[in-house]
Amino acid sequence: MSGATTALGVGRPPIARDEAKGLLGEALAMSAADATLAVLESRDESLTRFANNEIHQNVTGLRHTLTVQAIVGRRSGIASTSRLDSSALRQVADRALALARLSPEDDALPEPAPPAETPEIAGFVPATAACTPEERADAVGPVLDQAAAHGMNAAGALSTSAATLAVASTGGVFAWHADTYARFTCTVRGADSSGWCDRHRRDWRALDVAALGATALEKAERSRAPAEVPPGRYTVVLEAAAAAELVAFLALLGLGAQSEQEGRSFLSGKIGERITGESVDLVDDAFDPRGFGRPFDYEGTPRRRVALIERGIARGVVHDRRTARKAGVASTGHATPPPAVEGPLPFDLVLATGDQGLDQIIAGVERGILVTRFWYNRVVDARRTIVTGMTRDGTFLIEGGRLAGGVRNLRFNESVLDVLARAEAIGRDAEPTYFDYLGNTVVVPALRVRDFHFTGVTRF
Amino acid sequence: MRELAERALNVAQLAGAAYADARVIESREQFVEVKNQRPTALKESSGLGLGVRVLVDGAWGFAASAAADPAEAERCARLACRIAAASARFRRVPITLSALAPATGRYETPAARDPFTVPLADKIDLLIRTSAACRVDPAIAVAQAQVHCWEERKHFASTEGARIEQRIVHTGGGLCAYARDANDLQWRSYPNSFGGHFEAGGWELVERLDLPGHAAEAAHTAVALLSAPQCPAGEFDVILDGSQVSLQIHESCGHPAELDRVLGHEANFAGTSFLTPEHLGTLRYGSEAVNLVADATAPRGLGTFGFDDEGVPAQKVDLVRAGRFVGYLTSRETAPLIGLASNGTMRAESFGHIPLIRMTNINLEPGVWTLNDLIADTGEGILMATNRSWSIDDRRYNFQFGTEAGWEIKGGKRGRLLKNCTYTGITPEFWNRCDAVADDWEIWGTPNCGKGQPSQSMRTAQGAASARFRGITVGVGYGA
Chain A
1 MSGATTALGV
11 GRPPIARDEA
21 KGLLGEALAM
31 SAADATLAVL
41 ESRDESLTRF
51 ANNEIHQNVT
61 GLRHTLTVQA
71 IVGRRSGIAS
81 TSRLDSSALR
91 QVADRALALA
101 RLSPEDDALP
111 EPAPPAETPE
121 IAGFVPATAA
131 CTPEERADAV
141 GPVLDQAAAH
151 GMNAAGALST
161 SAATLAVAST
171 GGVFAWHADT
181 YARFTCTVRG
191 ADSSGWCDRH
201 RRDWRALDVA
211 ALGATALEKA
221 ERSRAPAEVP
231 PGRYTVVLEA
241 AAAAELVAFL
251 ALLGLGAQSE
261 QEGRSFLSGK
271 IGERITGESV
281 DLVDDAFDPR
291 GFGRPFDYEG
301 TPRRRVALIE
311 RGIARGVVHD
321 RRTARKAGVA
331 STGHATPPPA
341 VEGPLPFDLV
351 LATGDQGLDQ
361 IIAGVERGIL
371 VTRFWYNRVV
381 DARRTIVTGM
391 TRDGTFLIEG
401 GRLAGGVRNL
411 RFNESVLDVL
421 ARAEAIGRDA
431 EPTYFDYLGN
441 TVVVPALRVR
451 DFHFTGVTRF
Chain B
461 MRELAERALN
471 VAQLAGAAYA
481 DARVIESREQ
491 FVEVKNQRPT
501 ALKESSGLGL
511 GVRVLVDGAW
521 GFAASAAADP
531 AEAERCARLA
541 CRIAAASARF
551 RRVPITLSAL
561 APATGRYETP
571 AARDPFTVPL
581 ADKIDLLIRT
591 SAACRVDPAI
601 AVAQAQVHCW
611 EERKHFASTE
621 GARIEQRIVH
631 TGGGLCAYAR
641 DANDLQWRSY
651 PNSFGGHFEA
661 GGWELVERLD
671 LPGHAAEAAH
681 TAVALLSAPQ
691 CPAGEFDVIL
701 DGSQVSLQIH
711 ESCGHPAELD
721 RVLGHEANFA
731 GTSFLTPEHL
741 GTLRYGSEAV
751 NLVADATAPR
761 GLGTFGFDDE
771 GVPAQKVDLV
781 RAGRFVGYLT
791 SRETAPLIGL
801 ASNGTMRAES
811 FGHIPLIRMT
821 NINLEPGVWT
831 LNDLIADTGE
841 GILMATNRSW
851 SIDDRRYNFQ
861 FGTEAGWEIK
871 GGKRGRLLKN
881 CTYTGITPEF
891 WNRCDAVADD
901 WEIWGTPNCG
911 KGQPSQSMRT
921 AQGAASARFR
931 GITVGVGYGA
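First to last, the protein sequences are chains A and B. According to this note's numbering, the residues represented by the first sequence are 1 to 460, in order. According to this note's numbering, the residues represented by the second sequence are 461 to 940, in order.
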């Protein structure tokens, strides 16, 4: 049995490089397929969760997913397991092969990735991997006390994790990467108001939990007794977290080559055309130091920086080996975990920053609304990039360039590309947001957008 | 499995746990997808692991491991206790659990045909035939079909003496045809969107669905949607088909009735609820036509089991009776806080997650109308079918849904096809506008309900039938 006894507080990756090489080599050696790809993803994650000013849930877990793709001629089968003992490796190798033999031929099946030099990304912070439950409790404790002292109610989570991704193939590929991730998120609620903070870093010590908690508390204080403003078009200031929620949808709606090739993407047939405002530059860049990029994908292909939108013009999409083969180009290193049913996706979106601080952006609004975060955003119209969602936890009226008080939360319906086209000001400071349900990171600044369309209001 | 759990419980007690439970879970999953007659996913997954939950000094700790061996069971138990002790330093009110007679029992999902015994070649053939049957028009860009099945073997043990074995099997599948032209993209699913329909049970569901037999109609509708008129904006009487009512129940009744949300446990992520305790027994949630139960004993539901993940036996409880809000989904920790005992709704995504209050089967009791009679009685309005988008605020008041297809109701008959249908409202106002529920009841599966930090995905169900809602705001999201 390997890799299962990561000691809490030691600060090591869940699976060491040599250990991963040994495990994947063992799995590959057990496969009788023509070609075999093996992927091992491991995560040692701890999360201290609080609500009502006390810690109410507190968890840790070490999980592995070993996936084997067996290729026989033009047939492919995939099997995965959470176990890493030899009998599990044997079972998963045999099962992948059996599935491959049962599969019909797939003419579009790409050749496995060739071995390649993988760039390094320094993503592992031992202090994050070593963070203890006592340290997490000590960090959040003052936030809870502070909220209680103000008659408010704090809820949120401080999480720390260490992860590894390793990819190997019978074609000679071996790549391994270790990284860490930490997040503090907190909602402070009053009788009729709430405020929120959220920060994502590789080093948990850089989260500045106390200051973030104070920000959430201040927002809750300042948004007391919210007024109701009618639905309509408003100039909005979207804080970075709110802007990230919208930009993240572009990844799902068509920045991957599969949806573009299938004609389902908002980019289908529009590469080279203007699709949004001239100030919009969007890239996928795993090497941006603000993000959480990994240097290779789930096929073992080194990741490339890809320009997606340049000065508002659609420039490209990200590829894996299947879509690259179809397009007659090289993979950009954006394969998702097998069987990659959604095709390649951008993992590390970065929107170019502007030159204004948040205070300047707000100061430029005569009458408008500041949005701390959006919530429950869903696609209304994929081709037109129309998304609906709600504001939440800190929605303010801006009057004369200043926050004039809280307002009841509003529902919006907006095209993401149109929102970017109507951006009048772009912040100079970008924040990373990691979306765990998408597995991708968006690094964006705050935006000021004119004529943002709110279509409804709720009761709080 | 049993020995691992016992080892964990012993060590937890020695380490100071006043209460501990251990779940050892062995799981497997099979997913097959075909797109444009080509297999795009042929994947099997398996898992085995242990999760240990403990109460120390009135606070929770939890540790899990994918290595199901005695040493890991001991490590998890000790670690969970250490974590609980850290939690206890910032605990204002010690956690107490509602009383529970420790259960010893077994449960197994009834399945006429175990989905894992169906030859893979048969599944692939079914999906290829389904995909091929969608190719009715050059405008069909993507024709995809899938089947998905899960099995969980769960062993639960607690320091109170509970010892429970369960085998849960879920099966389902569906198809979706995407049509495109130069300006638009439309799609139509069968029998439901986002992967199809899922039930607790075996392959008999997939056989009953007859995917190939419904492919052409779905594809023709997708193509017709490209040139269909836009759903009008304004106030209309609306009939929602059963699958859309199912999601409406899920979002606007199921979630707000979760007592952990009500008590603020999910305030930072999933949100809270407008169904606060002072409303229990008094709030007019809906019209007299609205009766909702949480029924973990209902046949075929994804929320059907023998015992929840705290060892509480499956139950059927009223949530809304004749329109009045009368009940919550509860757990052993939350129920005592409002003077109740758990009604057995705690489930965890895997061995690596703690159990949370999750919807079981949230069922709208059927009415007596046939859908055709309901359309005839409505006269003028819009019929909407099959969810395409869904969004609701964090207290579950303001929602907006979109559907794949809609039809004008004119002169009491189903008329022209409409595209891009959306509707919006405020939950209690909306359900108070429900004046008729049809008899076309089905227990619809939702395989992807998200909640918790770390986020957990759960399979839940909602029994629903077509229903009519008067004077609903329609057509939001498009235009001015």
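In this text, a Cβ means the ideal position worked out from N, Cα and C, and glycines have one as well.
In the displayed model, residue 590 (chain B) falls within a helix according to three-state DSSP. Taking 4 residues as the minimum length, the alpha helix (DSSP H) runs contained wholly in the region 283 to 343 of chain A are 321 to 327, in order along the chain. Nearest CB-CB separation between residue 853 (chain B) and chain A: below the 7 Å threshold. Inclusion of residue 722 (chain B) and residue 733 (chain B) in the CB contact set at 7 Å is warranted, their separation being smaller than that value. Of the candidates A:52, A:258, A:230 and A:54, the residue whose Cα lies closest to the Cα of residue 411 (chain A) is A:230. Taking 7 Å as the cut-off, the beta carbon of residue 68 (chain A) is found no closer than this to the beta carbon of residue 493 (chain B). With a beta-carbon spacing of about 4 Å, residue 166 (chain A) and residue 20 (chain A) fall inside the 8 Å limit used to define contacts. Scanning its chain for C-beta atoms nearer than 6 Å, with the 5 sequence neighbours on each side dropped, one finds no residue around residue 366 (chain A). Only those residues of the region 873 to 886 of chain B whose C-beta falls short of 8 Å from the nearest C-beta of chain A are listed: 880, 882, 884 and 886.
Non-local C-beta neighbours of residue 201 (chain A) in its own chain, meaning closer than 6 Å and more than five positions away in sequence, comprise 182 and 207, ordered along the chain. Rounded to whole angstroms, the Cβ separation of residue 240 (chain A) and residue 446 (chain A) is 5 Å, and the two are in contact under 8 Å. Under the three-state reduction of DSSP, residue 150 (chain A) is assigned to coil, being neither helix nor strand.
Beta bridge pairing from DSSP links residue 198 (chain A) with A:185. Taking a 10 Å sphere around the C-beta of residue 878 (chain B), we find 16 or more other C-beta atoms and assign the residue as buried. Less than 7 Å divides the Cβ of residue 906 (chain B) from the Cβ of residue 920 (chain B). The three-state reading of DSSP puts residue 878 (chain B) in strand, counting E and B together. By the rule that beta-carbons nearer than 7 Å mark a contact, residue 30 (chain A) does not touch chain B.
Shown here for residue 276 (chain A): same chain residues with a beta carbon closer than 6 Å to its own, the five before and five after excluded, namely 312, 417, 420 and 421 in chain order. Between residue 180 (chain A) and residue 129 (chain A), the CB-CB gap stays under 7 Å. Annotation: residue 204 (chain A) has no Cβ neighbours in chain B at a cutoff of 7 Å; minimum Cβ distance is about 15 Å. Separation of the CB atoms of residue 71 (chain A) and residue 36 (chain A) is rounded to 7 Å, and the pair is thereby assigned contact status at 8 Å.
For residue 141 (chain A), the neighbours in chain B by C-beta distance under 9 Å run, in chain order, 549 and 550. Contacts with chain B at 7 Å (Cβ-Cβ) include residue 376 (chain A). 7 Å or more divides the Cβ of residue 847 (chain B) from the Cβ of residue 646 (chain B). Residues 753, 754, 755, 756, 757 and 758 of the same chain have their beta carbon placed closer than 8 Å to that of residue 776 (chain B), with the five preceding and five following residues left out of the count. Neighbours of residue 455 (chain A) across chain B, judged by C-beta separation under 9 Å: 860, 884, 936 and 937.
Assigned with DSSP and collapsed to three states, residue 404 (chain A) falls in strand. Contact of residue 498 (chain B) with chain A is assigned, a C-beta pair being separated by under 7 Å. The CB of residue 441 (chain A) never comes closer than 9 Å to any CB in chain B; the least such distance is about 16 Å. For residue 645 (chain B), a Cβ of chain A is located within less than 7 Å of the residue's own Cβ. Going by beta carbons, residue 176 (chain A) and residue 12 (chain A) fall outside the 7 Å limit. The alpha carbon of residue 364 (chain A) has as its nearest neighbour, out of A:252, A:324, A:380 and A:427, the alpha carbon of A:427. Within the region 701 to 735 of chain B, those residues whose Cβ lies closer than 7 Å to any Cβ of chain A are, in chain order, 724, 725, 727 and 728. For residue 215 (chain A), the CB contacts under 6 Å within the same chain, skipping 5 residues up- and downstream, are 197 in chain order.
A straight-line Cα-Cα distance of about 19 Å links residue 661 (chain B) and residue 504 (chain B).
Chain-ordered, the chain A residues with CB closer than 9 Å to the CB of residue 522 (chain B) read 57, 58, 59, 60 and 61.
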